[in-house]
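Okay, structure coming up:
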């Protein structure tokens, strides 16, 4: 690690729940000891061809397993998060790295998806925008794109409505809709929504955060609640909201970025346990949840991006500390899913690997390689999807709880510098 960079964690409570994770059986990376995952190729490290072959073989087995259980998939709901639309997304993504024929499977799954009858569900993961966007991408026809544009305008009116009780978080709220808009722009999907509309959505989110922070006299200038609770994690909390806002920084004015977004990120760093794990919510006294939805592995992307944007080593230190706690406690007993499983935790190492590779003048190749190695170790753990869990996910084949999420992660690892946590980091499919 670069000299002078040390994690700062301030919250004292540290009641670690060891019943939530398996002890990590893997030796940490040592450049002087050969391993099965990565090797040095000239001056850089890469994933070994033999391990790439293993990734492809295991992923293909998982894809086949999903296909022969189409009835089970179709009965799991319609959403991207735990329903058939998310499985379609995994097949669409896999078709880019495996066989284009998988796109036909994606079409068959997205055909089963229906939009949520609750019109207020507008976000990407659990709402109508995600289903409609994927339908337009997978089918790539005029009818699907026109339907998306039409419904998007309806959803925008709901998001802007002053009478709406819509939350602001990622899974069910306005930030989840903002992600949809950013995702469409990144993937060059047509929409009749202007830059000023996007800025207005952002201002509504910011105003809610400012208002609640002022009302409760918070140290942080932005505060958000979901079901009357101040969550800090990616799915329902501040980390997820700030990460999407920071990805939309070109639509933010300099004052909001400097005086609201950045100090709120600073406050999150102070809301960490001695372990470096992020508290799940305000006042939490138990260091239990090392997972994407409520912990370090959902905050690391924010801290990495904050370091890139603001060039402040406090954010780098926080990100590195996230990597350490995930390495120690990230092989979860809940299984290998994205939301609260090992695949989601593995993206921690992808984020850190990419950051250190981008900042090559500050870090050595060995320092970056450590995170590629760690990610591969977690990937190997996920090969045995059924063995390494003590609970069966409610939606076994889904994107965020089940096999489709592991498929997505393993497919992503084939090109680690292009990998991105799905439905969280704005990416081009």
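Numbering (the working numbering), first residue to last: 1477 to 1905.
Every residue, glycine too, gets a C-beta built ideally from N, C-alpha and C.
Per DSSP, residue 1517 is not a residue of any alpha helix (DSSP H); the beta strand (DSSP E) it occupies stretches across 1514–1517. Secondary structure remark: continuous alpha helix (DSSP H) runs of at least 4 residues inside the stretch 1664–1743, in chain order: 1671–1691, 1714–1723. Annotated three-state conformation of residue 1568 is helix, per DSSP. A straight line joining the alpha-carbon of residue 1895 with that of residue 1889 spans about 6 Å. In the three-state scheme derived from DSSP, where H, G and I count as helix and E and B as strand, residue 1581 is classed as helix. Rounded to the nearest whole angstrom, the C-alpha separation of residue 1830 and residue 1527 is 20 Å.
Per DSSP, reduced to three states, the secondary structure at residue 1754 is strand. Following the DSSP letters along the chain, one finds residue 1618 inside the alpha helix (DSSP H) bounded by residues 1618–1636. 8 Å or more divides the Cβ of residue 1892 from the Cβ of residue 1813.
Taking 8 Å as the cut-off, the beta carbon of residue 1566 is found no closer than this to the beta carbon of residue 1606. A distance of 8 Å or more separates the beta carbons of residue 1502 and residue 1806. When only Cα atoms are considered, residue 1637 and residue 1676 end up about 11 Å apart.
With a threshold of 16 other beta carbon atoms within 10 Å, residue 1862 falls short and is exposed.
Spatial neighbours of residue 1871 in its own chain (CB-CB distance under 8 Å, excluding positions within 5 residues in sequence) are listed in chain order as 1552, 1553, 1558, 1559, 1877, 1878. Residue 1520 carries a strand assignment under DSSP once its states are collapsed to helix, strand and coil. Here the stretch 1580–1588 makes contact with the stretch 1603–1623; the two share three or more CB pairs at distances below 8 Å. In this structure, the beta-carbon distance from residue 1645 to residue 1700 falls below 8 Å. Residue 1849 sits in a helix when the DSSP states are folded into three classes. In this structure, the alpha-carbon of residue 1521 lies about 38 Å from that of residue 1762. Residues 1733, 1785 of the same chain have their beta carbon placed closer than 7 Å to that of residue 1725, with the five preceding and five following residues left out of the count. 8 Å or more divides the Cβ of residue 1777 from the Cβ of residue 1902. The residue from 1787, 1741, 1709 with its alpha-carbon nearest to that of residue 1753 is 1709. Bridge pairing for residue 1747: absent [DSSP]. When the beta-carbon positions are compared, residue 1634 and residue 1640 come within less than 8 Å of each other. Checking the DSSP bridge columns, you'll see residue 1808 partnered with 1497. The Cβ-Cβ distance between residue 1886 and residue 1535 falls below 8 Å. Annotated three-state conformation of residue 1557 is coil, per DSSP. Comparing C-alpha distances from residue 1674 to each of 1653, 1663, 1683 shows the shortest one belongs to 1653. If you ignore the 5 residues before and after residue 1727, its C-beta comes within less than 6 Å of the C-beta of 1674, 1675, 1678, all in its own chain and listed in chain order.
The beta carbons of residue 1851 and residue 1873 sit no closer together than 8 Å. Under the DSSP assignment, residue 1886 falls in the alpha helix (DSSP H) whose first and last residues are 1879–1889. The C-beta of residue 1664 has fewer than 16 other C-beta atoms within 10 Å across all chains shown, which makes the residue exposed. If you draw a 10 Å sphere on the C-beta of residue 1759, you find fewer than 16 other C-beta atoms in it, and that means exposed. Rounded to the nearest whole angstrom, the C-alpha separation of residue 1684 and residue 1691 is 11 Å.
About 19 Å separates the beta carbon of residue 1767 from that of residue 1703, a gap too long to meet the 8 Å contact definition.
Between residue 1854 and residue 1818, the C-beta spacing is below 8 Å.
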